[in-house]
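Numbers given in this note's numbering equal positions in the sequence shown, counted from 1, plus 2.
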Amino acid sequence: MDAAEKASMTLAKMTQRAGNVFPNYLAFTKEISQVGPIDHKTQELIHVACSLMSQCDMCISLHIQSAASLGASKEEIMQAALLATAMGGSPKIMQMHYVFEELEDLFD
Numbered sequence: 003m004d005a006a007e008k009a010s011m012t013l014a015k016m017t018q019r020a021g022n023v024f025p026n027y028l029a030f031t032k033e034i035s036q037v038g039p040i041d042h043k044t045q046e047l048i049h050v051a052c053s054l055m056s057q058c059d060m061c062i063s064l065h066i067q068s069a070a071s072l073g074a075s076k077e078e079i080m081q082a083a084l085l086a087t088a089m090g091g092s093p094k095i096m097q098m099h100y101v102f103e104e105l106e107d108l109f110d
């Protein structure tokens, strides 16, 4: 099962088990991404960096896929990830294997 499938399964369970809390969270995140001056590709690059900082392997994979689908290059995605490692130090460097795996799957 790849990261997208795992995430989809998790989100479905959250919808079933979290009552109104999870749909409200989704509405909040949707609204944030639609309002403001930052384009969607840049938002996804920010999400790549935040995913790395959060050490969420499914998030890393999903946001790299989303950034690539919005036209982000391998180099742009790598820079976003490296900016996170600059802020997060060694623990974030260890999370880079998820970035490398996803980039290899998408671009190589």
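Glycine included, each C-beta is placed from N, C-alpha and C at the ideal position. Computed from a predicted structure; not experimentally measured.
Residue i to residue j span [Cα, whole Å]
i     : j     : result
LEU84 : ALA5  : 21 angstroms
MET55 : GLU77 : 19 angstroms
ASP41 : MET89 : 23 angstroms
ALA29 : PRO93 : 31 angstroms
THR87 : ALA14 : 31 angstroms
VAL23 : VAL37 : 21 angstroms
Cβ neighbours of residue i in the same chain (closer than 6 angstroms, five flanking residues each side left out)
i      : result
ALA9   : MET60, LEU64
TYR100 : ASP59, ILE62
ILE53  : First, the residue type needs correcting, since residue 53 is Ser and not Ile in the sequence shown. Cβ within range, chain order: CYS61, ILE62, HIS65.
ALA82  : LEU47, VAL50, ALA51
Opening and closing residue of the alpha helix (DSSP H) in which residue i lies
i     : result
LEU47 : 42 to 56
ALA9  : 5 to 19
ALA69 : 59 to 71
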